[in-house]
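When the letters of the sequence shown are read in order and numbered with mature numbering (1 follows the signal peptide of the UniProt record, and there is no 0), they come out as residues -45 to -1, 1 to 302.
For glycine and all other residues, C-beta sits at the position ideal for the given N, C-alpha and C.
Note that the structure is predicted; figures quoted are calculated from it, not measured.
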Amino acid sequence: MTHASRHERQAEALSRRRFGRLAALTLAAGSAGAGSLTLASPAMAAAGGEGQVYYDRARKLAGDDPVLRTLVKALTPGATVPRPPAPEPLKIFDNLAMLSVGWVSAMAVLTDDGIVLIDALTSSQEAEDVLVPGLRTLGADPETIKYVIVTHGHDDHYGGARYLAERYGTRVLMAPADWDLVARTDPEHAPARDLDIRDGQRLTLGGTTIQLHHTPGHTPGTVSPVFPVQAGGERHTAMLWGGVNPPATPAELRTYLASIHSFRARMRLENVDVELSNHPNDNGLERAEQLRNDPHGPNPFVLGRHGTQRFMRVMDLMLRGRLADAEATAGNGGTQRAHGAAERTCC
């Protein structure tokens, strides 16, 4: 081992310990929301706090992997959400369907006793025109949608929930902080407040249990689920990171980083080997088409345990870069978006 590599590993270990303490404080804070932490961030390797060194490390780690390269692109400052055409509905596992309008998707967990939707697209119109007929196309009955898990309080994720609740009696779940968020920002279109998601809560339907973890940062109440999926005789464990687009302020970015750290540890404990996203920031739509064109080939959403951990490591590095940039801007007297910017930021 060279002196340089030894130094780098020591610095990395120090950062992990610091973020471990930060994650513990974040979990203790529950759903207090972004901006509630005031601890100093880890020592930044780049002079002046600039984040390029972290972006370079993330790109090196991503290599030629199209999933990771797309994630790096999505988290690079100035990136915009792509607007691809809407794909046809598709079962990406035997018990999981993707229903998408292109730039945002919903996932339908299919159980013996009904359906659990993860997100509900942007509006009642899309619920009626995309979710309902999409499920029928795949042989699922939309009248059996028992729950909608809203990953966070932006209208491209809860927009169709009111329609489903009113038409089918679907129960809607959201973290308390984001129920508060939608009540402030969009009371006209938001679903009526229903079920709160507790950190670590388990939702069981038809023998399928979905674990719901608070991962604040994108919004104060972002939630990321972990749940079983299957393809033929193979069983896997999937995760869906609830909100990728980073916030702006250093305090919010530290909260986001702590969520990455704590959720990555939970993924390891649950042996997560499948990665999913509700936006095309992970090459997900391309992987869906690969699966549609070769349904008997390897499932491209199965990254393996190492692969899903690598995904989170790339995210961690990119967010460290964003934090370094934000701290440099703040230190140089630059302006940051006001606290609460998550109320206006989609995706």
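Identify the residues that DSSP records as bridge partners of residue i: which are they?
| i | result |
| --- | --- |
| V184 | H191 |
| L231 | L195 |
| A120 | Its beta-bridge partners do not exist; DSSP assigns none. |
| F218 | For F218, which the question treats as bridged, DSSP gives no partner whatsoever. |
| G69 | T66 |
Which word fits residue i, buried or exposed, when buried means at least 16 other C-beta atoms lie within 10 angstroms of its C-beta?
| i | result |
| --- | --- |
| N287 | exposed |
| H251 | exposed |
| R191 | It should be noted that the sequence gives His, not Arg, for residue 191. Buried: at least 16 other Cβ atoms inside 10 Å. |
| T164 | exposed |
| N200 | buried |
| R38 | exposed |
| H261 | exposed |
| T92 | exposed |
| N248 | exposed |
| G108 | buried |
| E282 | buried |
| R117 | buried |
For residue i, which option in the options has the closest C-alpha, if you only look at C-alpha atoms?
| i | options | result |
| --- | --- | --- |
| D67 | G124, I100 and L240 | I100 |
| T106 | Q166, S217, E207 and P142 | Q166 |
| W196 | A41, D20, C302 and V56 | C302 |
| N233 | R139, G18 and I73 | I73 |
| Q156 | F182, E143, I215 and T140 | F182 |
| T177 | V137, P142 and A147 | V137 |
Taking the alpha-carbon positions, what's the residue i to residue j distance?
| i | j | result |
| --- | --- | --- |
| Y123 | I70 | 12 Å |
| A(-22) | P171 | Note that A(-22) scores a pLDDT of 38, beneath 50, so its modelled location is shaky; the value from the coordinates is reported in the next line. Going from the Cα of A(-22) to the Cα of P171 covers about 13 Å. |
| T174 | H112 | 12 Å |
| L(-24) | A13 | Residue placement at L(-24) is poorly supported in this model, since its pLDDT is 36, which falls under 50; the coordinates are not used for a value here. |
| T210 | Q7 | 21 Å |
| Q185 | P88 | 23 Å |
| P(-4) | N238 | At P(-4), the pLDDT of 36 sits below 50, so the modelled position is not reliable; the number obtained from the coordinates is stated separately. Those two C-alpha atoms are separated by around 30 Å. |
| Q80 | G115 | 7 Å |
| A(-14) | H169 | With a pLDDT of 33 at A(-14), under the threshold of 50, the predicted position of this residue should be treated as unreliable, and no value is reported. |
If we cut at 9 Å on Cβ distances, does residue i have a partner in chain B?
| i | result |
| --- | --- |
| C301 | The displayed structure is made up of one protein chain only, and chain B is not part of it. |
Problem - At least three beta-carbon pairs within less than 8 Å, the region 265 to 276 to the region 215 to 232 - result: yes
Handout entry: Validate contact between the region 45 to 59 and the region 239 to 247 using beta carbons, cut 8 Å, 3 pairs
Key = yes
Practice task
State whether the region 272 to 281 contacts the region 11 to 27, with contact taken as three or more CB pairs (one from each stretch) at a distance under 8 Å.
Solution key: yes
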